[in-house]
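Below is one structure, written out as structure tokens; the observations come after it.
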Amino acid sequence: MWTAVNIDGSKVLSTKSRSWRRDDRLPASEQTLADIYGKVPGKGVQIDRGHLVRRLDPVWGDQDVADRAGDDTFHYTNAAPQEHVYNSEIWGNLEDFVLARADKKAQRVSVMAGPILRPDDDFFGKTLPGGPWQVPWSFWKVAVFKREDKTVSVTGFVVEQTANIALIFESTRYNPYTVEQARVYQRPVHQPGALRRRGNRQYGKQPSADHLACHRRRAGCGAFLYHRDRGCCRITRNADGRPDRQDREHHPAWRHDLPSDHRGGTSAV
């Protein structure tokens, strides 16, 4: 998705702002409308309607044409979610740079701009009407200047709003893990060097209730089976995933001494 506009720096005018509105050429379901914009509760962040074609860029030539061109920049198809400071200062200062250069030097400029859309852009507004939406973390702009001597100068920019917009995705203080997320940090209580040794604590018979009976080392070099009487024992497995014959003979009760949810090598919180 990108936009384009031509500027004649020798004919730049001014015009009034107007309210944002739908683009009737597209269905509402294909436009990011008003619901996403405004202050984000509890975050101290405001999401602005960021112009992709700047409001004043097409405002030149005859006044009636300039007014209509300025009005057209207030369609939602020309807006992208931008954090307020980023929109008004960081991205806004770049817009000022391009227009000021065209105005002061009476140059003609073609400007193209748009968001950098990535598949891993974060979603925002899950509970809002029409949401959620993926919010771009950065935007690009290319300006093609035609100089008085008829030569051409091309300048490109990429401006990130990462630090500005990140606040809306930060978790609140109460944000409990899911079971799957908690497993990332889970360790067997009776595993040597894990909890018992590091904390210098004696857990007695409590490890028998530990749901993480089997643990695969971080480097993937082996699996561990908790045995009620022998503690945590390293085992090897055949192609079918079962302990080999020697291990079965050494631990004849390997299936019967474990909780039912561990009979097969799985683990649960």
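Just so you know, we're using the working numbering here: the sequence shown kicks off at 7 and counts up by one.
Even glycine gets a Cβ: it sits at the ideal position worked out from N, Cα and C.
Model, not experiment: these values are computed from the prediction.
Cα-Cα separation between A112 and P121, rounded to whole angstroms: In the sequence shown, the residue the question calls residue 112 occupies position 106. In the sequence shown, the residue the question calls residue 121 occupies position 115. Rounded to the nearest angstrom, the two C-alpha atoms are 28 Å apart.
DSSP puts V51 in a beta bridge; with which residues? Translated into the one-based positions of the sequence shown, residue 51 becomes position 45. Bridge partners of V51: V46.
Between L39 and the rest of its own chain, which residues show a CB-CB distance below 6 Å, the 5 nearest in sequence each way excluded? Residue numbering aside, residue 39 sits at position 33 when the sequence shown is read from its first letter. Result list for L39: Y82, in chain order.
Should K45 go down as buried or exposed, given a rule of 16 or more other Cβ atoms within 10 Å for buried? Counted from its first residue, the sequence shown places residue 45 at position 39. Exposed, since its Cβ has fewer than 16 Cβ neighbours within 10 Å.
Candidates E95, A85, K22: which alpha carbon is nearest T9's? Here residue 9 corresponds to residue number 3 of the sequence shown, with the count starting at 1. Selected option, being the one with the closest Cα: A85.
Just verifying my parser: in three-state terms, what is the DSSP assignment at D41? Taking the first residue of the sequence shown as 1, we reach residue 41 at position 35. Reduced to three states, the DSSP call for D41 is helix.
Check whether the Cβ atoms of V104 and V115 sit closer than 8 Å, and answer yes or no. By one-based count along the sequence shown, residue 104 stands at place 98. By one-based count along the sequence shown, residue 115 stands at place 109. A contact, by the Cβ cut-off of 8 Å.
Quick check on P142: buried or exposed, where buried means 16 or more other Cβ atoms within 10 Å of its Cβ? Here the question's residue 142 lines up with position 136 in the sequence shown. By the 10 Å Cβ count, P142 comes out buried.
Who does V190 pair with in a DSSP beta bridge? Indexing the sequence shown from 1 puts residue 190 at position 184. Beta-bridge pairing links V190 to no other residue.
Taking only three categories from DSSP, how would you classify I13? Position 7 of the sequence shown, counting from 1, holds the residue named residue 13. Of the three classes helix, strand and coil, the one that applies to I13 here is strand, per DSSP.
Euclidean distance between Cα positions of I96 and I13: Residue numbering aside, residue 96 sits at position 90 when the sequence shown is read from its first letter. Residue numbering aside, residue 13 sits at position 7 when the sequence shown is read from its first letter. Whole-angstrom Cα-Cα distance: 21 Å.
Below 8 Å, can you find three or more Cβ-Cβ pairs linking the segment 131 to 146 to the segment 161 to 168? yes
The alpha helix (DSSP H) spanning T168 covers which residue range? In the sequence shown, counting from the first residue as 1, residue 168 sits at position 162. Note, T168: alpha helix (DSSP H), 168 to 171.
Between the alpha carbons of D41 and L134, how many angstroms are there, rounded? Reading the sequence shown from its first residue, position 35 is the one you call residue 41. Reading the sequence shown from its first residue, position 128 is the one you call residue 134. Taking the straight line joining both Cα atoms gives about 7 Å.
Under the three-state DSSP convention, the category E89 falls into: In the sequence shown, residue 89 corresponds to position 83, counting from 1. Here E89 sits in strand by DSSP.
Report the three-state DSSP secondary structure of G136 (helix, strand or coil). One-based indexing of the sequence shown puts residue 136 at position 130. Coil at G136, not helix or strand.
Cutoff 7 Å; reference A174; Cβ partners in own chain excluding five residues on either side: The sequence position of residue 174 within the sequence shown is 168, counting from 1. It should be pointed out that residue 174 corresponds to Ile in this sequence rather than to Ala. Around I174: V46, K49, V51, F130.
Tell me the rounded alpha-carbon separation between A172 and D126. The residue given as residue 172 occupies position 166 in the sequence shown. The residue given as residue 126 occupies position 120 in the sequence shown. For A172 and D126, the distance between alpha carbons rounds to 14 Å.
Given a threshold of 16 other Cβ atoms within 10 Å of its Cβ, counted over all protein chains shown, does E154 qualify as buried or as exposed? Residue 154 sits at position 148 when you count from the first residue of the sequence shown. Exposed.
What residues are listed by DSSP as bridge partners for S159? Residue mapping note: residue 159 aligns to position 153 of the sequence shown, counting from 1. DSSP output for S159 lists F151 as bridge partner(s).
Could you pull the start and end residues of the alpha helix (DSSP H) that A119 belongs to? Sequence index remark: in the sequence shown, residue 119 carries index 113 (1-based). Taken as a continuous stretch (DSSP letters only), A119 belongs to no alpha helix (DSSP H), being part of the beta strand (DSSP E) at 114 to 121.
Taking 8 Å as the cut-off, decide whether the C-beta atoms of G56 and P33 are in contact. Sequence index remark: in the sequence shown, residue 56 carries index 50 (1-based). Sequence index remark: in the sequence shown, residue 33 carries index 27 (1-based). Against a cut-off of 8 Å, the Cβ pair of P33 and G56 comes out as no contact.
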